[in-house]
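S.K.: With positions in the sequence shown counted from 1, the corresponding number in my numbering is that position plus 271.
We treat Cβ as the ideally placed atom computed from N, Cα and C, and that holds for glycine.
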Amino acid sequence: MKWQVSWNKKRYDYKRLIRDYLEGGHTGFVTNSKGMAKMVVLPQIGDEVFVSCDKKKILKCRVASEFVVHEHGAHDEYSIGAPGTRPHTHNDTFLMLQIVEVYENPEKMNGFQRTWVRLE
């Protein structure tokens with residue numbers, strides 16, 4: 272299955288993440304919250320995920336884990352703002368994405384209000 276995840280450029284330093292990954296300073300594994308929406312169908316390990324930010328398709332990833340609950344949330348050094356200021360992460364439910372490809376010339380890809388959107 273294919274999914275789209277939308278990141279907010281005001282809340283996530285995606286440019287630094289990409290730079291660190293390309294320079295070998297990042298493992299390529301990124302936690303992503305489930306968001307607050309009810310999901311009837313959940314992403315499965317191996318599903319393809321396109322990440323959009325700032326209305327651009329910036330990454331292609333694969334789902335590397337199921338959603339798990341972290342008691343105190345998942346720390347992500349690329350998050351912008353104080354911990355607890357990202358309301359969509361308050362359910363403390365995250366999965367792991369593995370970066371497969373960085374789009375050097377990102378094409379337009381509008382984001383959604385929902386964190387996760389199934390594309391097919």
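1. Let's test the definition: count the other Cβ atoms within 10 Å of the Cβ of T298 and tell me whether it reaches 16, buried, or not, exposed.
2. Which residue or residues does DSSP assign as beta-bridge partners of S277?
3. For C324 versus Y283, is the C-beta spacing smaller than 8 Å?
4. Classify I316: buried if its beta carbon has 16 or more other beta carbons within 10 angstroms, exposed otherwise.
5. Between which two residues does the alpha helix (DSSP H) harbouring L293 extend?
6. Which residue or residues does DSSP assign as beta-bridge partners of R389?
7. Thinking C-alpha only, which one of L313, T364, P377 is nearest K327?
M.R.: Put simply:
1. For the purposes of this step, residue 298 is identified with residue 27 of the sequence shown, where counting begins at 1. So T298 counts as exposed.
2. Position 6 of the sequence shown, counted from the first residue, corresponds to residue 277. According to DSSP, which records beta bridges pairwise, S277 is partnered with S323.
3. By one-based count along the sequence shown, residue 324 stands at place 53. By one-based count along the sequence shown, residue 283 stands at place 12. Yes, they are a contact pair.
4. On the sequence shown, position 45 is the one that residue 316 refers to. Around the beta-carbon of I316, fewer than 16 other beta-carbon atoms lie within 10 Å, marking it exposed.
5. By one-based count along the sequence shown, residue 293 stands at place 22. Looking at the DSSP string, the run of the alpha helix (DSSP H) that includes L293 is 285-293.
6. The residue given as residue 389 occupies position 118 in the sequence shown. As computed with DSSP, R389 is found in a beta bridge with W274.
7. Indexing the sequence shown from 1 puts residue 327 at position 56. The option with the nearest alpha carbon to K327 is P377.
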